[in-house]
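J.: Residue numbers (the UniProt record's numbering): 1 to 94. Every residue, glycine too, gets a C-beta built ideally from N, C-alpha and C. Have a look at the structure that comes next, please.
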């Protein structure tokens with residue numbers, strides 16, 4: 001069993017959210033905790049895979065991979081003028 005103490009503002013936010021989705025606060029909190037634990041597990045698996053992958057590269061291969069990535073980034077910058085579109089992609093056309 002788990003008891004979680006929240007400050008008043010956080011408690012009100014949780015209550016409001018749970019009410020909006022029609023689920024008990026405890027179910028919402030449990031789902032969030034399990035989701036976070038699952039994401040942490042995936043992040044750890046990715047970190048381990050990256051370590052294994054990195055340990056198999058020679059220094060020359062690592063430098064070549066970085067140079068290739070930088071060359072691709074330079075090509076993209078030449079293509080779009082170096083503009084960083086951000087997570088939403090390019091602006092709508094007019």
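1. Helix, strand or coil for residue 37? Go by DSSP, reduced to three states.
2. On a Cα-Cα basis, can you pick out the residue from 69, 25, 50 and 19 that is closest to residue 6?
3. Could you give the distance in angstroms between the alpha-carbon of residue 77 and the alpha-carbon of residue 83?
4. Alpha carbons only, please: which of 21, 29, 2 and 1 is nearest the one belonging to residue 11?
5. Grab the span of the alpha helix (DSSP H) containing residue 75 for me, first residue to last.
6. What first and last residue would you give for the alpha helix (DSSP H) that runs through residue 4?
T.: Straight from the coordinates:
1. Correct three-state label for residue 37: helix.
2. Checking every option, the nearest Cα to that of residue 6 belongs to 25.
3. One C-alpha to the other measures close to 7 Å.
4. The option with the nearest alpha carbon to residue 11 is 29.
5. Residue 75: member of the alpha helix (DSSP H) spanning 59 to 80, first to last residue.
6. Premise fails: residue 4 is in no alpha helix (DSSP H) and is neither H nor E.
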